[in-house]
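There are 2 protein chains.
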Amino acid sequence: MNTFSSEKQRYAELAVKVGLNLQEGQQLIIQAPLETVDLVRFVTDEAYKAGASDVTVFYQDNESVLSRLRYAKDASLVNQWLPAGIAQAFSEGAARLVILGDSPNIPDALSSARQAYSAANMAVLTELGTLLKKTASNWSLLAYATPQWASSVFPDLEIDVAVDRLWREIFASVRLDKRDAVAEWDSHNQELFARASFMNERNFDALIFSGPGTELSVGLAEGHIWKGGAKQTLTGIRCNSNLPTEEIFTTPHSHKVNGFVRATKPMVYQGKIISGIQVRFEDGVAVDVSADENQSLLEELLTADASACRLGEVALVPHSSPISKSGILFKNTLFDENASCHLAFGGSYNHCMKPGTESDHLQRGANRSIIHQDWMIGSGAMDVYGVKDDVKYLIMKNGEWV
Amino acid sequence: MNTFSSEKQRYAELAVKVGLNLQEGQQLIIQAPLETVDLVRFVTDEAYKAGASDVTVFYQDNESVLSRLRYAKDASLVNQWLPAGIAQAFSEGAARLVILGDSPNIPDALSSARQAYSAANMAVLTELGTLLKKTASNWSLLAYATPQWASSVFPDLEIDVAVDRLWREIFASVRLDKRDAVAEWDSHNQELFARASFMNERNFDALIFSGPGTELSVGLAEGHIWKGGAKQTLTGIRCNSNLPTEEIFTTPHSHKVNGFVRATKPMVYQGKIISGIQVRFEDGVAVDVSADENQSLLEELLTADASACRLGEVALVPHSSPISKSGILFKNTLFDENASCHLAFGGSYNHCMKPGTESDHLQRGANRSIIHQDWMIGSGAMDVYGVKDDVKYLIMKNGEWV
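Going line by line, the protein sequences match chains A and B.
The numbers in the first sequence follow numbering that gives the first Met the number 0, run straight up by one, and end at 401.
The numbers in the second sequence follow numbering that gives the first Met the number 0, run straight up by one, and end at 401.
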């Protein structure tokens, strides 16, 4: 529990000052797995130091989920009043920090209870999510090096060594290896903002990705907006919901993607590895799909609904990003999406589109799907061009901004 | 964590079946210190097995309280929406289990923050308590042998030995040393109910306690009601809010207590021991008070308000009760009040009076005070008489029911 205390204290400070940008007088609600209590205590200290009026922690226990699935007469009868109360608190301006932990290891025998529970839970979370979008309070995610995660990232290391290693990688990825990480994030956010602004000014019609095994034209949605780094809530608070973040990202045109592309890292889906992915697109649709491993799982993913086979996000990340340099597959989107230029199958983000009605958005190229699954295509051998009025401009050379 | 697992599982089962008498389809809200997670998991299992629709656990962390007192700009800004949500859940029929833990060790330097926090917290809890009384959902308290508590009960034992010993005493006190503890509680509840019914039928005017150093007449309030064992909620569920419980208890007359009495065990107040207590009463008031240790603390207690020096409860417990036989001072009222006949300074219970208006209750002998402090007066050398129309009837001889 006491390993890396000073680093965890600085990590907590970063979460409060940069991740949440917690304001004096704000309430903070923390959702955290039981095993992350040491980090929770540091965050609580930092939150009160930053002027939090109240810090409420909801500890999650995977054993409690398993108990429900094993013994409940109806696993779908989930608590409704607590999420409603939390939503109420957000609408009154509370900030929210989620510390990520392991998923429960659910035996196959409990899969029908799991499905009932997941569906009910998802309905509650969707309602909460809708409220969150409306209230748009500042929030942030924070990773924690649990033994289960560490051993999946470093299967060849002993468990304690793996956990230590993963902590070091997490700290480096959020720039805690620098003396003044808060100042680093200020300039990092400015840089991401400048990149996104540049891309918004150019307002390219399409991007072209060109590299080994890849020659892909990704049309951009009409009225697409590039985002990156700190975002502003409706209440005017700038927060970094993702620590780390290295990407700028926008909305591809759901019907204007053509060519072929080879993934440069495995996709992690439902805890499984899908490696060696190659895809050919025609008019936005992934028409030919192959993978060296778990191809059927990929096919299942892309048929989750009618638009799961189209793109909902395109993101640019320099090959020199800290996470890319680590060379590690974290098997966690919060990290892996910051290692490389990437695409996502599935739904697009409304905040990456200029305002409009739903049908207007769809007509301009937004995509709607129940899935949103990132996969990495960038590398040190990738060139990226912006296309405007049929003229190509080189914007990344060998994986770096030009 | 894994010591006494099978006993803790049985303890959890007892809490669900006897303490709460949890009904099929009921929600359960558990409030528990972080360090009691092993017991919480057993209770969760047993609750779902008993048909709970949902089990929600709120883990408490003393470190979080200390963090607030150390760093918050205003320690009194406590969360309001969560207690309101919990109250809402109770009013909709949720059951409530509180697992008891240690109080935080608050340095003197933080005492002004502590006072601000305590006052604000008390206001929220009082509001919740009022709602709870109205909704009267089934609830129960459950003790947990924390190291801090164990070492205060057994200061001469090594910490692990002390914890083991305290667990054994807890299990014995709730009859888990018997093969079928649930059945034992059925007959125990019936016995307590029969004793209380007997005393209610007799409707004595007063009790006389007679033993070494004690010759005390305790007048009973007009319309007093004896209670004991399982109680019925407004929704008709019989629950044992206190595990263990050995007492039957009622309302003394606040103005009709006369004579002298010597306490047979120390009083524990604010974590301090007040030993060798002797009191002389005149017309309900403790007029002469002495103690071998911490007498000034006792005097402070009895001047907390104008009626703190009068009695609010009188309880009968046979000297042969399991807790009495253990000979241990648990320094915890949940246990110690079940070791011996006892009195309480301070406020009386409305449910121990026949219905009436507030002024009617006061006129009939009920007492109102901000304190309610139990102290033990029974022993194996104590005789107790009931007095009706100036006739004395022996009801306990040498500390046992006759």
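Glycine is no exception: its CB is placed at the ideal position from the N, C-alpha and C atoms.
Quick one: what's residue i bridged to in DSSP?
{"i": "residue 315 (chain A)", "result": "A:247"}
{"i": "residue 384 (chain A)", "result": "A:207 and A:393"}
{"i": "residue 5 (chain B)", "result": "Looking at the DSSP assignment, residue 5 (chain B) forms no beta bridge with any residue, so it has no partner."}
{"i": "residue 148 (chain B)", "result": "In DSSP, residue 148 (chain B) forms no bridge with anything."}
{"i": "residue 31 (chain A)", "result": "A:58"}
{"i": "residue 140 (chain A)", "result": "A:97 and A:241"}
{"i": "residue 231 (chain A)", "result": "A:237"}
Would you call residue i buried or exposed, if buried means 16 or more other Cβ atoms sit within 10 Å of its Cβ?
{"i": "residue 0 (chain A)", "result": "Model confidence at residue 0 (chain A) stands at a pLDDT of 45, short of 50, so the residue's coordinates are unreliable; what they give is reported in the following sentence. By the 10 Å Cβ count, residue 0 (chain A) comes out exposed."}
{"i": "residue 223 (chain B)", "result": "buried"}
{"i": "residue 34 (chain A)", "result": "buried"}
{"i": "residue 5 (chain B)", "result": "exposed"}
{"i": "residue 280 (chain B)", "result": "buried"}
{"i": "residue 392 (chain A)", "result": "exposed"}
{"i": "residue 312 (chain A)", "result": "buried"}
{"i": "residue 398 (chain B)", "result": "buried"}
{"i": "residue 104 (chain B)", "result": "exposed"}
{"i": "residue 418 (chain B)", "result": "No information on residue 418 (chain B) is available, as it lies outside the stretch 0 to 401 that chain B covers here."}
{"i": "residue 344 (chain B)", "result": "buried"}
{"i": "residue 177 (chain A)", "result": "exposed"}
{"i": "residue 63 (chain A)", "result": "buried"}
{"i": "residue 187 (chain B)", "result": "buried"}
{"i": "residue 278 (chain A)", "result": "buried"}
{"i": "residue 259 (chain B)", "result": "exposed"}
{"i": "residue 113 (chain B)", "result": "buried"}
{"i": "residue 200 (chain A)", "result": "exposed"}
{"i": "residue 172 (chain A)", "result": "buried"}
{"i": "residue 234 (chain B)", "result": "exposed"}
{"i": "residue 373 (chain A)", "result": "buried"}
Taking residue i as the reference, which of the options has the closest Cα?
{"i": "residue 153 (chain A)", "options": "A:147, A:161 and A:146", "result": "A:161"}
{"i": "residue 10 (chain B)", "options": "B:184, B:80, B:115 and B:103", "result": "B:184"}
{"i": "residue 319 (chain A)", "options": "A:378, A:267, A:277 and A:330", "result": "A:378"}
{"i": "residue 66 (chain B)", "options": "A:65, A:37, A:67 and A:20", "result": "A:37"}
{"i": "residue 285 (chain A)", "options": "A:292, A:291, A:300 and A:271", "result": "A:300"}
{"i": "residue 247 (chain B)", "options": "B:74, B:310 and B:194", "result": "B:194"}
{"i": "residue 252 (chain B)", "options": "B:348, B:85 and B:383", "result": "B:348"}
{"i": "residue 219 (chain B)", "options": "B:110, B:227 and B:207", "result": "B:207"}
{"i": "residue 442 (chain A)", "options": "A:291, A:283, A:282 and A:260", "result": "Absent from the structure is residue 442 (chain A), since the part of chain A shown begins at 0 and ends at 401."}
{"i": "residue 73 (chain B)", "options": "A:58, A:74, A:54 and A:86", "result": "A:54"}
{"i": "residue 110 (chain B)", "options": "B:96, B:18, B:68 and B:129", "result": "B:68"}
{"i": "residue 126 (chain B)", "options": "B:94, B:115 and B:85", "result": "B:85"}
{"i": "residue 282 (chain A)", "options": "A:182, A:216, A:334 and A:360", "result": "A:216"}
{"i": "residue 304 (chain A)", "options": "A:115, A:366 and A:78", "result": "A:366"}
{"i": "residue 249 (chain A)", "options": "A:257, A:232, A:289 and A:198", "result": "A:198"}
{"i": "residue 267 (chain A)", "options": "A:334, A:202, A:243 and A:213", "result": "A:334"}
Residue i and residue j: beta carbons closer than 8 Å?
{"i": "residue 22 (chain B)", "j": "residue 169 (chain B)", "result": "no"}
{"i": "residue 30 (chain A)", "j": "residue 101 (chain A)", "result": "no"}
{"i": "residue 136 (chain A)", "j": "residue 76 (chain B)", "result": "no"}
{"i": "residue 330 (chain A)", "j": "residue 151 (chain A)", "result": "yes"}
{"i": "residue 240 (chain A)", "j": "residue 140 (chain A)", "result": "yes"}
{"i": "residue 92 (chain A)", "j": "residue 50 (chain A)", "result": "no"}
{"i": "residue 98 (chain B)", "j": "residue 143 (chain B)", "result": "yes"}
{"i": "residue 226 (chain A)", "j": "residue 351 (chain A)", "result": "yes"}
{"i": "residue 7 (chain A)", "j": "residue 41 (chain A)", "result": "yes"}
{"i": "residue 271 (chain A)", "j": "residue 364 (chain A)", "result": "no"}
{"i": "residue 80 (chain A)", "j": "residue 87 (chain B)", "result": "yes"}
{"i": "residue 376 (chain A)", "j": "residue 262 (chain A)", "result": "yes"}
{"i": "residue 295 (chain A)", "j": "residue 368 (chain A)", "result": "no"}
{"i": "residue 96 (chain A)", "j": "residue 19 (chain A)", "result": "yes"}
{"i": "residue 337 (chain A)", "j": "residue 322 (chain A)", "result": "yes"}
{"i": "residue 210 (chain A)", "j": "residue 380 (chain A)", "result": "yes"}
Would you say residue i reaches chain E, if we count a Cβ-Cβ gap shorter than 8 Å as a contact?
{"i": "residue 186 (chain B)", "result": "In summary, chain E is missing from the structure at hand, where the protein chains are A and B."}
Using only the heavy atoms of the ligand FAD, determine whether one of them is closer than 7 Å to the beta carbon of residue i.
{"i": "residue 199 (chain A)", "result": "This structure does not include the ligand FAD; it has no bound ligands of any sort."}
List in chain order: all unbroken beta strand (DSSP E) runs of 3+ residues lying wholly within the stretch 153-227 of chain A.
205-210 and 213-219
Beta strand (DSSP E) segments (min. 3 residues) lying fully within the stretch 43-121 of chain A:
53-59 and 94-98
Go through the stretch 303-379 of chain B residue by residue and report every complete run of the beta strand (DSSP E) that reaches 3 residues or more, in order.
310-315, 341-345 and 371-375
Runs of 3 residues minimum, wholly inside the stretch 242-290 of chain B: which ones carry the beta strand (DSSP E) assignment?
247-249, 251-261, 266-268, 271-273, 277-281 and 284-289
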